[in-house]
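Written below as structure tokens is the structure these notes are about.
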Amino acid sequence: MRISKTLTLPVALVALVSISGCAVPTTTTDGSRATLYSSVSQLSDDSDIVVVGHVGEQETARDIDDELEFTISKVHVDEIVKADGSLHVGDVVEVRQVGALPDPDADEISVPPTPLLDGGGTYLLYLTASGLPAPYDTQFYVTGANAGAYHGSSAFSRQAEETVTFEAVDPTEGEDLPAELTLDEAEAAAE
């Protein structure tokens, strides 16, 4: 049996793309992802923790290699939607995102592949454990790069009589997640 060279190359390329698409579950430097979410329940299932918190201190780090920059945000937990029991309201979790904080003194502006959390902002965050070695093993990534980030009002209060609503930070085309999500909806999806 003889195989045509014109058929072999396309088949090999499709196989390579299929394998690499499955092997890269996190963000690449261009912001593309392997998983597009079809529901909040699926996003919640893929997340290790889901919290509402406000962003405190932030820093830019080149701590994994010498080239890739990350922003590390300390998120103060105001409400727990999903966790394993070891996380408590008032704890601080570190969220790692690809890209550097803006440097007002820089000649060039670096644009991260997905929007970074705003210092002082309040968020509903779907987070995945980093899987990095110590001392970074306690850090988290936003699930689905940007899918798991919903921005809320700066004054979150669970005791408020009104419904607390969060807006998707950076919706992705092809994803079936709501543009707005209430805390009650997030809790129902996490059950």
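Numbered per mature numbering (1 follows the signal peptide of the UniProt record, and there is no 0), the sequence shown spans residues -23 to -1, 1 to 168.
By construction, the Cβ of each residue, glycine as well, lies at the ideal position given by its N, Cα and C atoms.
Where residue i sits in the DSSP three-state scheme
| i | result |
| --- | --- |
| GLY8 | Below a pLDDT of 50, predicted positions are generally treated as unreliable, and GLY8, at 45, falls in that range; no measurement from the model is reported. |
| LEU(-11) | Only weak support exists for where LEU(-11) lies, its pLDDT of 32 falling under 50; the value from the coordinates is given anyway. Reduced to three states, the DSSP call for LEU(-11) is helix. |
| GLU85 | coil |
| LEU158 | strand |
| GLU164 | helix |
| GLN35 | strand |
| VAL141 | coil |
| LEU102 | strand |
| GLU152 | coil |
| GLN19 | helix |
| ALA124 | coil |
| VAL27 | strand |
| TYR14 | coil |
Cα-Cα separation between residue i and residue j, rounded to whole angstroms
| i | j | result |
| --- | --- | --- |
| LYS51 | VAL69 | 6 Å |
| GLY30 | ALA77 | 21 Å |
| ASP22 | GLU56 | 18 Å |
| GLU164 | SER16 | 13 Å |
| GLY98 | LEU64 | 20 Å |
| GLU71 | TYR118 | 9 Å |
| THR80 | THR115 | Looking at the sequence shown, residue 80 is not Thr but Asp. Spanning the two alpha carbons is a distance of roughly 27 Å. |
| THR91 | ASP147 | 7 Å |
| PHE143 | ASP42 | 34 Å |
| VAL75 | LEU94 | 11 Å |
| THR120 | ALA11 | 12 Å |
Environment of residue i [buried if 16+ CB atoms lie within 10 Å]
| i | result |
| --- | --- |
| SER18 | exposed |
| ARG39 | exposed |
| ALA156 | exposed |
| ALA106 | exposed |
| VAL32 | buried |
| VAL66 | exposed |
| THR48 | buried |
| LEU158 | buried |
With three or more beta-carbon pairs closer than 8 Å as the criterion, would you say the region 84 to 92 touches the region 101 to 113? no
If you pair each beta-carbon of the region 113 to 129 with each one of the region 24 to 38, do three or more pairs fall below 8 Å? yes
Along the chain, which unbroken stretches of the beta strand (DSSP E) at least 3 residues long are found entirely within the region 37 to 72? 47 to 59
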